[in-house]
Amino acid sequence: MNPLTHLGDVALNAFFKEYWQKKPVVLRGVFPDWENPIGPDELAGLAMEEEVESRIVLEQDQGKPWQLRAGPFTEDDFNQLPPSGWSLLVQAVDHWVPEATALLDKFRFIPNWRIDDLMVSYAPEGASVGPHFDYYDVFLVQGFGRRRWQLGQKCDENSERVEQSPLNILKQFDTREEFVLEPGDVLYVPPQFAHWGIAEGECMTYSVGFRAPAHTEILDDYVAEICSELPAQLRYVDQNSASGTTPGHIDDHVITTLQAIIKSHVDQPEKLIRWFGKYMTEPKYLPDQGAPEVPDEEALSQAAADLQEHEGPLFQAPDARFAYRGNVLFANGVAYDCDSAVAQMIANQRSIHGWQALVTQRGVAALISQLVALDLLWFEDPVESDSESN
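Per full-length UniProt numbering, the sequence shown starts with residue 1, numbered consecutively.
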C-alpha cells in the first residue's frame, strides 16, 4: 500500500500531535509529482452510472439557494447546466478507478476501519459547494487546477444554516484564514471547522473522508444486534417484594435491577469487538446491498479450484473493507474466525504475498476461497489489469 510517511514537510507524529482532530492545516507539496487519477469527462461518465452515487450542487436553482440534485445523470442533464455556479460530486471513486484506490491507500496511516471513501468533485470557474462544516475529518487533495480555500469558525448543531436548502450551508461564515491550493497540495480539516473552497478556473478536488458514527448510531446498531440474539423468555423479575404502601413510587431496587440487566447485556467486550468490526467494515456504496454473505456452491467450488492453480499474490478488491482483531477477520460487514496471522496477512496488505505458506493450515484455504468467491479477493492486481486494458 505504501502509505505516506510525511505530509509534505510535516512528519506524521508531528501531524497527529499538533493537528489531528485539533486544528486545520495546509500541507504543501504532499504529492509533488501529481497525476490526476481521473479527468472531468470520466468523472461525468461515472455520474451517469446507476450503481454510482453522485450529486450536483447548484448555488441557485429555481430561485432557491444551494440546491441538490441526485444522480445518475444524463448527457442532457450536463448540457443544461449553467457555465458556472454548480459542482459535481461522485462518491467512492476508489471503487471504480484503480488509480483512485492507490491514492486512497496513501492515507492508510489511519486504520482501514476509519477510512470511508474517496469522493471526487469537479467545479467550473468560481463554483463551490458553499460554506459548510462536517462532523468527520477530511483531507482535501487538490487535483488539477486551483481552489481558493477559506477557513472559518468552529461550528456545532446550533450554528445557523441557510433556509430552503437541503445542504448544511452556514448562514454566517467568519473567515479566519485564506489560501490557494495548487495540484498536489492537501488541506486537512478536523470535524466541525467551517470551510469554503471556490474554484479558480476549472478544478478537481479529491476528498478523503473518514467514518465517525454518531453515538446514537453506535448505540442503536449495537443494542439492536444484542436484542436480536436475546430469547423472549428473559423478563424483568422483582428482586425484592413487589408490595408496598406507595403504589405510585418506583423503588431504588427497581432501578438497580434495571441497571444490572442493561450492564449484563451491553458490557460484553468480546461481543462489542465482534459487532464493531462488522459495523465499521460494512460497505456503504456497493450497488447490490443485498449481496450474499456466503457464496453459492458453484462459485465457491470454482474459487477453490482457481486457488489451487494460482501461484502469484492475491489482491484486495477495490471495494473490499478489511479489519481484524485477534483471531477474527472482518470483511465487508462479516466476521470470520481464523488464525491471527491469517487475519493480519489479509487485512494489512493490498497485495497479499506469502499466502501459500499459510494455506495448508486448517480452514485457511476454505476462508480464502470464500473471499475470492465473494469477489473480495482477486487473482489480478486491479491497477495493472486496468492499465493493460487501456
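The beta carbon of each residue, even a glycine, is placed where N, CA and C say it ideally should be.
- Taking C-beta separations shorter than 8 Å and ignoring five residues to either side along the sequence, the partners of Q302 in its chain run A373, following chain order.
- In the DSSP assignment, the residues bridged to E177 are L151.
- The beta carbons of L46 and V90 sit about 5 Å from each other, so the pair counts as a contact at 8 Å.
- Annotated three-state conformation of P65 is strand, per DSSP.
- The beta carbons of P190 and P24 sit about 7 Å from each other, so the pair counts as a contact at 8 Å.
- Listed in chain order, the beta strand (DSSP E) runs fully inside the stretch 338-386 amount to none, counting runs of at least 3 residues.
- Under DSSP, T256 shares a beta bridge with no residue.
- Ranked by how close their Cα comes to the Cα of I226, the residues E202, E157, K271 have K271 in first place.
- Boundaries around R325 are those of the beta strand (DSSP E), 322-325, since no alpha helix (DSSP H) includes it.
- For the pair V52 and P37, the CB atoms are not nearer than the 8 Å cut-off.
- Around the beta carbon of A214, a 10 Å sphere encloses fewer than 16 other beta carbons of the protein chains shown; the residue is thus reported as exposed.
- Within the DSSP bridge table, the entry for L12 names no partner.
- Per the C-alpha coordinates, the member of Y188, F173, G39, H132 positioned closest to F16 is Y188.
- Sequence-distant Cβ neighbours of W275 in its own chain, meaning closer than 6 Å and more than five residues away, are Y222, E225.
- Rounded to whole angstroms, the gap between the alpha carbons of L230 and L81 is 54 Å.
- Residues of the same chain with a CB within less than 8 Å of the CB of P3, apart from the 5 flanking positions on each side, are D105, K106, F107, R108, F109 in chain order.
- Sixteen is the threshold: since fewer than 16 other Cβ atoms of the shown chains lie within 10 Å of the Cβ of V237, the residue is exposed.
- Your pair P183 and Q142 checks out as a contact, with CB atoms roughly 6 Å apart and the cut at 8 Å.
- Secondary structure of S228 (DSSP, three-state): helix.
- DSSP places F78 in the uninterrupted alpha helix (DSSP H) bounded by 75-79.
- Residue ranges of uninterrupted alpha helix (DSSP H) with 4 or more members, entirely inside the stretch 180-229 and ordered along the chain, are 215-229.
- With a cutoff of 8 Å on beta-carbon distance, V30 and L7 are scored as near each other.
- Per DSSP, I273 has no beta bridge partner at all.
- About 6 Å separates the Cβ atoms of L358 and V342, confirming a contact at the 8 Å cut-off.
- Short of 6 Å from the beta carbon of L151, and not among the five residues preceding or following it, lie these beta carbons of its own chain, in chain order: P24, R176, E177, H195.
- Distance between N158 and Q233, taken at the CA atoms: about 44 Å.
- With 16 or more other Cβ atoms from the protein chains shown falling within 10 Å of its own Cβ, N332 counts as buried.
- For H6, the three-state secondary structure derived from DSSP is strand.
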